[in-house]
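Reviewing the structure listed below.
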Amino acid sequence: MKKKILGYYDYTVILTYCGMFFAFQGILWAIGQNYWEAVLCLILAGVCDMFDGTVASTKTRTDSEKRFGIQIDSLSDLISFGVLPGVIVYMVSEKNPWVGMVASVFVLCALIRLAFFNVMEEERQGQTTEKRKSYLGVPVTTIAILLPMVYLAYNYRFCKNRILFPALLVFTGIGYLSPVEIKKPGTRGKIALLLLGMLEVVGMFCYIRWNVM
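Written out as structure tokens, the structure is:
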């Protein structure tokens, strides 16, 4: 029987779809030079990605649904943690063509890392039903913590040099492709990351409030 609409639309993919919406809205904010809003969208996309796997694991899925979940998650991640950070850094750097080149390479690194993850994950799921315990290479979601941190440091004048932004992309991009094994964060790790994200959001609103008054 043919599907009326292509794709899957149950609750297991809702957070993934929301993350993509936040990311694209963040790109639009960045293009309009509304950087605080763009960085906030990056953080929200990171929160969505942090819990989408947990939500998906609560439902028994077919092999097709699992493969779809792997693909759609990585495609969303490419927009959220590849394209969005690249656009933010390019715009914050006043459209510097060299920074644009760095941002392009960064997006390529994210693309390669995500494609490689998809291949490895499908092979892993074909061999075992156990949950993944570690990642090979720095997860792309790391930029959702690091870029807001750097943007806060820049605006609070801890380091008032725009070279911070392309440098962050260079080192993070290298991390994406480095064959280092990183343990997947458990419940405590996710709580710690969530608290750190909340502190970044508080720092953002405090800065905005002080500059409005």
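Here the working numbering is used: the first residue of the sequence shown is 1, the next is one more, and so on. Quick reminder that beta carbons are idealized off the backbone N, C-alpha and C, glycines included.
Rounded to whole angstroms, what's the CA-CA distance from residue i to residue j? Just pull it up for me.
{"i": "C206", "j": "Q125", "result": "45 Å"}
{"i": "I31", "j": "I112", "result": "25 Å"}
{"i": "F24", "j": "E123", "result": "30 Å"}
{"i": "I143", "j": "G19", "result": "14 Å"}
{"i": "F51", "j": "V170", "result": "27 Å"}
{"i": "K59", "j": "I72", "result": "17 Å"}
{"i": "L6", "j": "I208", "result": "43 Å"}
{"i": "M1", "j": "S74", "result": "Bear in mind that the predicted position of M1 carries a pLDDT of just 47, short of 50, making it unreliable; the figure below should be weighed with that in mind. About 28 Å."}
{"i": "S76", "j": "R157", "result": "33 Å"}
{"i": "K133", "j": "K183", "result": "6 Å"}
{"i": "N161", "j": "V102", "result": "17 Å"}
{"i": "V13", "j": "E200", "result": "27 Å"}
What is the DSSP secondary structure of residue i, counted as helix, strand or coil?
{"i": "S74", "result": "helix"}
{"i": "E123", "result": "helix"}
{"i": "K217", "result": "Not covered by the structure: residue 217. The range shown for the chain is 1 to 213."}
{"i": "M1", "result": "Since pLDDT at M1 reaches only 47, below the 50 mark, its modelled position is unreliable, and the value read off the structure follows with that caveat. If DSSP states are grouped into helix, strand and coil, M1 belongs with coil."}
{"i": "L164", "result": "helix"}
{"i": "C159", "result": "coil"}
{"i": "Q25", "result": "helix"}
{"i": "T141", "result": "helix"}
{"i": "Y154", "result": "helix"}
{"i": "K66", "result": "helix"}
{"i": "T16", "result": "helix"}
Please name the residue, chosen from the options, that lies closest to residue i on a Cα-to-Cα basis.
{"i": "L108", "options": "F22, G173 and G197", "result": "G173"}
{"i": "Y17", "options": "A38, F165 and L78", "result": "L78"}
{"i": "Y151", "options": "S76, K59, M91 and G189", "result": "M91"}
{"i": "E65", "options": "V119, S178, D10 and G203", "result": "D10"}
{"i": "G46", "options": "T62, L146 and Y176", "result": "L146"}
{"i": "T141", "options": "A153, M120, A167 and G175", "result": "G175"}
{"i": "A167", "options": "P85, L136, S80 and V180", "result": "P85"}
{"i": "L42", "options": "V99, L164, P148 and Q33", "result": "P148"}
{"i": "V39", "options": "V83, T187 and D63", "result": "V83"}
May I ask you to list the residues that DSSP assigns as paired with residue i?
{"i": "S134", "result": "K183"}
Following the continuous alpha helix (DSSP H) through residue i, name the residue where it begins and the one where it ends.
{"i": "T12", "result": "Looking at the DSSP string, T12 is not in any alpha helix (DSSP H), and its letter there is neither H nor E."}
{"i": "T54", "result": "Y35 to A56"}
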